[in-house]
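For reference, the structure discussed in these notes is given below.
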Amino acid sequence: MDVIGVPITATNMNDCLSFIDRNLPAIKGSYVCVSNAHTCVMAHDDPVYWEVQAGSVMSLPDGKPLSVVGRREVPSMDRVTGPDLMREIFAMSPSRGWGHYFYGDRQQTLDALRFSLEGAYPGLAIVGMEPSVFRPLAEGEKDALCGRVAESGADFLWVALGAPRQEVLCHELRGRVPALMVGVGGAFNVLAGRVPEAPRWMQDIGFEWLYRLVQEPRRLFKRYAVTNTKFIAYQLTGAKRRKGSR
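As structure tokens, this is what we get:
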């Protein structure tokens, strides 16, 4: 689907899981973007980031506006949020022998995440966890990270650095990591129980943004005021991606 000039995968949770389950060996080394209005606006405005989003094996409609726009042409399209995707993959993993490596956030979050996942998903193979260094990695550090993930035998590399850093890193590591990379933003904190998740009914009616704004007003006010307004304007005017993008 073309959403303000950005390619978004017209899928839903069941179809997404089925695709991953059938094709995981073939798509290891590639990456999945969990996309929303914010990342779409960034990709629209920045040709380099557009290439990152377009280079994914899937760019999932995490944000409600993306699925609303998409359903006009593909009625089966629905939200696939980062936390929900992780939950579903973790539930499937023990029976398939999938292992998981977690990169990003802080050590305290990773410790809480491990505790939460081991309680919720008995038999889940957590094969590695390491916090972010909160700066871009040097090439040698990227090589070392790829080596650690490869040595762990991970099937999935979950990356929580926030957009656009996590998608850019996944793009840079494409073909160098023998795992499917997924950028999941704040999902580590959600699954660790450190950040409350919007009630399902608020997610279903598209008001998750309001719940999150109340939780983190200082961090999110400018984003919502600027990028959400841009998203609506681009959608209404039929804006396409910036000149210079493929």
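In terms of the working numbering, the sequence shown has 176 at position 187, counting the first letter as 1, and numbering is strictly consecutive.
A virtual CB, placed ideally from N, CA and C, is assigned to each residue, including glycine.
Q.
Do residue 18 and residue 154 have their beta-carbon atoms positioned less than 8 Å apart in this structure?
A. No, the pair does not count as a contact, with Cβ atoms beyond the cut-off.
Q | Status (buried if at least 16 other CB within 10 Å, exposed otherwise) for residue 56 | A | By the C-beta density criterion, residue 56 is buried, having at least 16 other C-beta atoms within 10 angstroms.
Q) Excluding five sequence neighbours on each side, which residues of the same chain lie with their C-beta closer than 7 Å to the C-beta of residue 65? A) Taken in chain order, the residues that qualify are 1.
Q. For the 8 Å Cβ check, are there 3 or more pairs between the region 105 to 114 and the region 210 to 224?
A. Taking 8 Å as the limit for Cβ pairs, the verdict is that the region 210 to 224 does not touch the region 105 to 114.
Q. Roughly how many whole angstroms lie between the Cα atoms of residue 72 and residue 124?
A. Each residue's alpha carbon lies about 24 Å from the other.
(Q) Pairs of beta-carbons, one from the region 22 to 34 and one from the region 48 to 63, closer than 8 Å: are there three or more? (A) Proximity of the region 22 to 34 to the region 48 to 63 meets the contact definition, three or more beta-carbon pairs being nearer than 8 Å.
**Q.** CA nearest to the CA of residue 178, picked from 34, 91 and 127
**A.** Distances from the CA of residue 178 to each of 34, 91 and 127 were compared; the closest alpha carbon is that of 91.
Q) In three-state terms, what does DSSP make of residue 39? A) If DSSP states are grouped into helix, strand and coil, residue 39 belongs with the helices.
Q. What residue range is occupied by the uninterrupted alpha helix (DSSP H) comprising residue 177?
A. Segment 176 to 180, the alpha helix (DSSP H) holding residue 177.
Q.
Between residue 132 and residue 168, how many whole angstroms is the CB-CB distance? I'm expecting something under 8 Å.
A. Contact flag wrong, Cβ pair sits at about 15 Å.
(Q) With H, G and I counted as helix, E and B as strand and the rest as coil, what does DSSP make of residue 24? (A) Taken through DSSP and simplified to helix, strand or coil, residue 24 comes out as strand.
Q: Put residue 129 into one of helix, strand or coil per three-state DSSP.
A: Correct three-state label for residue 129: helix.
Q.
Looking at the secondary structure, which residues open and close the alpha helix (DSSP H) in which residue 107 lies?
A. Its alpha helix (DSSP H) spans residues 96 to 109.
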